[in-house]
Structures are given as C-alpha cells and as structure tokens.
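Engineer:
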Amino acid sequence: MANNDFNNKIPPLLTATGIAKSFGGIKAVNNADIEVNKGSITGLIGPNGAGKTTFFNLLSNFIRPDRGTVVFDGEQIQQLQTYQIAQQGMVRTFQVARTLSRLSVMENMLLAAQKQTGENFWQVWLQRKLVATEERELRDRAIALLECVGLAHMANEYAGALSGGQRKLLEMARALMTNPKLILLDEPAAGVNPTLINQICDRIKLWNSEGMTFLIIEHNMDVIMSLCDRVWVLAEGQNLAVGTPAEIQTNSQVLEAYLGQ
Ligand SMILES: Nc1ncnc2c1ncn2[C@@H]1O[C@H](COP(=O)(O)OP(=O)(O)OP(=O)(O)O)[C@@H](O)[C@H]1O
Ligand SMILES: [Mg+2]
Numbered sequence: 255m256a257n258n259d260f261n262n263k264i265p266p267l268l269t270a271t272g273i274a275k276s277f278g279g280i281k282a283v284n285n286a287d288i289e290v291n292k293g294s295i296t297g298l299i300g301p302n303g304a305g306k307t308t309f310f311n312l313l314s315n316f317i318r319p320d321r322g323t324v325v326f327d328g329e330q331i332q333q334l335q336t337y338q339i340a341q342q343g344m345v346r347t348f349q350v351a352r353t354l355s356r357l358s359v360m361e362n363m364l365l366a367a368q369k370q371t372g373e374n375f376w377q378v379w380l381q382r383k384l385v386a387t388e389e390r391e392l393r394d395r396a397i398a399l400l401e402c403v404g405l406a407h408m409a410n411e412y413a414g415a416l417s418g419g420q421r422k423l424l425e426m427a428r429a430l431m432t433n434p435k436l437i438l439l440d441e442p443a444a445g446v447n448p449t450l451i452n453q454i455c456d457r458i459k460l461w462n463s464e465g466m467t468f469l470i471i472e473h474n475m476d477v478i479m480s481l482c483d484r485v486w487v488l489a490e491g492q493n494l495a496v497g498t499p500a501e502i503q504t505n506s507q508v509l510e511a512y513l514g515q
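Taking the working numbering, I'd label the letters of the sequence shown as residues 255 to 515.
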C-alpha cells in the first residue's frame with residue numbers, strides 16, 4: 255500500500271530559483287524564486303516597476319538572467335532559445351500586445367501554429383491531402399479560439415484594426431494555438447473593458463479545467479482573487495510573500511509595498 259504522505263508530492267511544472275538581472279545599476283530582479291504547480295492558476299503581483307515583466311522575460315529566456323536556474327517540466331531550460339522553450343510547451347504574452355498589424359487576425363493565428371506539415375516543400379507535394387486536413391484543423395482550432403475571445407467576426411480584418419484590448423485577446427488566443435502546457439500572461443486585463451475581462455476570466459477557468467496551467471501578472475485584484483490558487487508577490491525585484499489570494503490580501507507587508515509606491 256503506497257504511503258500518500260510520500261507519494262503525493264508532484265514536482266512543480268515550473269521552478270525558478272535565485273533569478274537575478276541587473277540593468278546598469280538597477281537590480282530589476284534580485285534573487286527571486288517562483289513555483290508554478292501543474293494545473294494551477296498562479297498569480298504574480300507587485301507594485302509598478304517591481305520586476306514582474308522582467309521576471310517573465312527571464313523565465314522564457316527573452317532576456318538572459320545574470321544568475322539562476324529555471325526548470326520546466328523536469329528539464330533545465332535556461333540554455334534554450336525562446337522558440338525552443340515555446341516548443342517545450344511554455345508560451346507567454348506581452349504587456350503590450352505584439353500582433354502583426356498588416357496580417358489578418360486569422361493569419362496571426364495560423365502563424366502561431368507549429369510543426370505544420372505544409373512548411374516542408376516535399377511534404378507539401380507528396381502529402382497534399384494531409385496538408386489540407388491539417389490546415390482545415392488549424393483553421394477550425396483558430397476559429398474556435400477566436401470565438402472564445404469574441405473575435406471570430408473579425409477573423410478577416412487586419413490585426414492593426416483591433417483596439418488595444420482586442421489585440422491582447424488575439425495574443426492570448428494565438429498563444430493557445432500551440433496547445434501549451436504553461437501560458438504566461440502579462441496583464442491580460444489591462445486596457446480591456448469590464449465585460450470582456452469577465453469573459454477572459456471565464457475562458458481562463460475553462461482552459462484551466464481542461465488541464466492548462468497559467469501564470470498571470472495582473473494589477474486587477476478582482477481578476478487575481480477570482481482566478482488564482484496561489485499568489486507570489488514581488489517588490490523591488492525580490493520575493494515579498496506567497497500565499498492564497500485571501501492571505502495575500504491581508505498581508506501587512508504586501509499592503510505597505512503597494513501603499514509605498
Ligand atoms: N531593458 C531595460 N533596461 C533598463 N531598465 C529596465 C529594462 N527593463 C526593465 N527595466 C527596469 O527594471 C525595473 C523592473 O521593470 P519591470 O518592467 O520588470 O516591472 P513591472 O513589475 O513589470 O512593472 P509594471 O507593473 O509597471 O509593468 C524597472 O525599474 C524598470 O525601469
Ligand atoms: Mg510589467
């Protein structure tokens with residue numbers, strides 16, 4: 255009979271330890287840690303300039319850390335390129351959405367899909383049927399995701415025609431095209447109207463119930479409270495606290511850090 259006390263400990267999907275990055279004299283991230291459990295919705299909060307976005311950049315190797323270790327799904331990933339990390343199943347969105355304005359919304363979605371058979375000339379030639387099926391499947395997936403974020407009716411519009419909030423939604427849907435294991439969202443609710451914020455939260459809960467894990471930076475505390483299992487607080491590049499949303503909300507050090515900004 256297995257002893258549950260010993261066997262229940264599932265390793266986190268993402269563990270970052272001792273991460274540091276300075277820009278000139280500014281210690282943007284200063285020996286910070288984070289853990290994201292598989293199947294969780296984990297929050298990362300902190301005052302403006304706390305180092306949250308930089309931390310995301312370091313986790314996904316968009317910027318190389320000065321120090322620290324990142325283990326994702328059992329593997330050290332800090333030697334990998336950002337695209338290789340994405341292929342391993344960890345993708346992120348940006349605080350300021352990075353959609354391609356001169357492509358349509360649908361083209362933005364299709365570009366995000368990886369390992370398409372159609373990318374190889376000979377395979378295209380030999381396996382037209384397979385390619386057609388794959389493309390149809392990708393389009394179906396793209397439409398389903400666009401429907402989820404309320405953008406299906408704009409599939410053929412230039413992405414440049416979208417509002418800031420809609421671009422954020424497109425970016426989130428695009429990240430999901432690759433069916434990642436972990437998705438890092440940098441302020442998904444910023445610049446998005448309240449009705450859409452509720453819709454985004456519902457979608458995140460749905461995708462989470464289907465097995466996707468989230469790490470979310472957000473200033474909107476209602477969003478953090480309604481979504482997160484666990485919240486990490488960063489202040490001046492360092493870990494200030496970690497706990498449930500309710501614990502964090504009443505933590506006096508956290509309140510001080512926010513009031514002092
Ligand atoms: N490329 C850079 N060069 C120089 N300084 C930088 C760079 N990127 C970030 N910083 C600085 O690092 C610190 C952390 O910035 P960061 O953007 O990570 O904070 P944040 O927690 O995401 O803030 P916000 O909530 O406002 O988005 C800030 O002092 C910022 O000015
Ligand atoms: Mg930021």
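Built from N, CA and C at the ideal position, the CB exists for glycine as well.
With R356 and S314 assumed to form a contact (beta carbons below 8 Å), what rounded beta-carbon distance in angstroms separates them?
Structural biologist: R356 to S314, Cβ: 25 Å. No contact.
Engineer: Rank E361, D483, P434 and L513 by C-alpha distance to the C-alpha of E464 and give the top, closest one.
Structural biologist: Considering only alpha carbons, the answer is P434.
Engineer: Quick check on F309: does DSSP put it in helix, strand or coil?
Structural biologist: The answer is helix: DSSP assigns F309 an H, G or I state.
Engineer: Assign R352 to one of two classes, buried (16 or more other C-beta atoms within 10 Å of its C-beta) or exposed (fewer than that).
Structural biologist: Answer is exposed; the Cβ neighbour count stays below 16.
Engineer: By how many angstroms is the C-alpha of I331 removed from the C-alpha of M431?
Structural biologist: Computed Cα separation, rounded: 22 Å.
Engineer: Between Q349 and ligand 2, is the CB less than 7 Å from at least one heavy atom?
Structural biologist: Yes - ligand 2 has a heavy atom lying nearer than 7 Å to the Cβ of Q349.
Engineer: Return the CA-CA distance between G303 and G293, expressed in angstroms with no decimal places.
Structural biologist: If you take the alpha carbons of G303 and G293, they lie about 28 Å apart.
Engineer: Taking L450 as the reference, give the member of M426, F468, N493 and L392 with the closest Cα.
Structural biologist: Ranking the options by Cα distance to L450, first place goes to M426.
Engineer: Quick one: what's got a C-beta closer than 7 Å to Q507's C-beta in the same chain, skipping five residues either side?
Structural biologist: Cβ within range, chain order: L494 and A495.
Engineer: Among all residues, which have a Cβ less than 6 Å from at least one non-hydrogen atom of ligand 1, and in what chain order do they fall?
Structural biologist: Counting every residue whose Cβ lies closer than 6 Å to a heavy atom of ligand 1, we get F277, I280, A282, G300, N302, G303, A304, G305, K306, T307, T308 and Q349.
Engineer: Please name the residue, chosen from G418, G491 and D483, that lies closest to D287 on a Cα-to-Cα basis.
Structural biologist: If we check each option's Cα against that of D287, G491 comes out closest.
Engineer: What are the start and end residues of the beta strand (DSSP E) that includes E289?
Structural biologist: Where E289 is concerned, the enclosing beta strand (DSSP E) stretches over I280 to V290.
Engineer: When burial is assigned at 16 or more other CB atoms within 10 Å of the CB, is F309 buried or exposed?
Structural biologist: So F309 counts as buried.
Engineer: Using a Cβ-Cβ cut-off of 6 Å (strictly less than) and excluding sequence neighbours within five positions of M408, which residues of its own chain qualify?
Structural biologist: Result list for M408: V359, in chain order.
Engineer: Find out if the Cβ-Cβ distance for the pair A443, N462 is shorter than 8 Å.
Structural biologist: Contact: no.
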